[in-house]
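Residues 0 to 203 (numbering that gives the first Met the number 0) make up the sequence shown, in order.
Even glycine gets a Cβ: it sits at the ideal position worked out from N, Cα and C.
Note sheet for the following structure.
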Amino acid sequence: MSLMFNRLLLCAALFAAASVPAAAGESPEAFMQRYVDAIRSDGVSAAADFVHPDEAERFRAMLAPLFAAMPEPQADAMAQTFFGGKADAAKVAAMPAGDFMRAFLSFVEQQAMAAGPGKGGIEIRQFDMLGLVPEGDVRHFVTRGTVAAGPITMTKMEVVSIRPDGDGWGMLLSGELDGMAQAIKASARRAAEAGEDRKPQADQ
Numbered sequence: 000m001s002l003m004f005n006r007l008l009l010c011a012a013l014f015a016a017a018s019v020p021a022a023a024g025e026s027p028e029a030f031m032q033r034y035v036d037a038i039r040s041d042g043v044s045a046a047a048d049f050v051h052p053d054e055a056e057r058f059r060a061m062l063a064p065l066f067a068a069m070p071e072p073q074a075d076a077m078a079q080t081f082f083g084g085k086a087d088a089a090k091v092a093a094m095p096a097g098d099f100m101r102a103f104l105s106f107v108e109q110q111a112m113a114a115g116p117g118k119g120g121i122e123i124r125q126f127d128m129l130g131l132v133p134e135g136d137v138r139h140f141v142t143r144g145t146v147a148a149g150p151i152t153m154t155k156m157e158v159v160s161i162r163p164d165g166d167g168w169g170m171l172l173s174g175e176l177d178g179m180a181q182a183i184k185a186s187a188r189r190a191a192e193a194g195e196d197r198k199p200q201a202d203q
């Protein structure tokens, strides 16, 4: 799968990855539109300010323990890749959930900068809310979004789920973002195993 397609996939995932503080009495539909407008105007990294605390913690809990499990050189290299040149494994493992998500999305935005039009190299060309299905206190939106990165355009149907967050609403993490976390975990596990294989064996 190409890097550019991954950028598009991430953009689709972000439709279901974040929450934004809602105005008093804001409808679910208005909440959704405000979120999409923020991504359009400020780019992918804007989602970092909107992530529901519970969902940010779940994302952090999937990835942060990996850094402690890897050999230190590999862990520091991975930390610098995803969180910037000044990061190391110890700093990443100690990050609060909101800072962890913000740093990760900043990395993603930097990777997308060369992709083409739109903020962060990603352009949301269209976003339609086609229907709403209530389930207890959760609201499921059926949506259709068209996003572009450079010469590639993708239109995707998505179910976006939101639930109350204090006096407002917050979106649940999408399956794509969960999958991205799982892929990073698998990559880190392979790096850790490779590091163990390279360790010199003690004399018997």
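Around the beta carbon of Pro95, a 10 Å sphere encloses fewer than 16 other beta carbons of the protein chains shown; the residue is thus reported as exposed. DSSP places Pro95 outside any alpha helix (DSSP H), giving it a letter other than H or E. Of the candidates Val132, Asp136, Ser186 and Ile151, Asp136 places its Cα closest to the Cα of Asp166. Phe58: member of the alpha helix (DSSP H) spanning Pro52 to Ala68, first to last residue. Of the candidates Phe140, Asp75 and Ala92, the residue whose Cα lies closest to the Cα of Lys85 is Asp75. The bridge partners DSSP lists for Ala147 are Glu122 and Thr152. In this chain, the alpha helix (DSSP H) harbouring Asp75 covers Glu71 to Phe82.
Ser160 and Val132 have their alpha carbons spaced roughly 9 Å apart. Of the other Cβ atoms in all chains shown, 16 or more fall within 10 Å of the Cβ of Met69; this residue is therefore buried. Following the DSSP letters along the chain, one finds Asp41 inside the alpha helix (DSSP H) bounded by residues Pro27 to Asp41. Counting the other CB atoms within 10 Å of its CB gives Ser186 a total below 16, which places it among the exposed residues. Here Ala88 has Phe66, Ala67, Met69, Glu71, Ala74, Asp75, Met77 and Ala78 as same chain residues with Cβ atoms under 8 Å from its own Cβ, once five neighbours each way along the sequence are excluded.
Gly97 and Met61 have their C-alpha atoms spaced approximately 14 Å apart.
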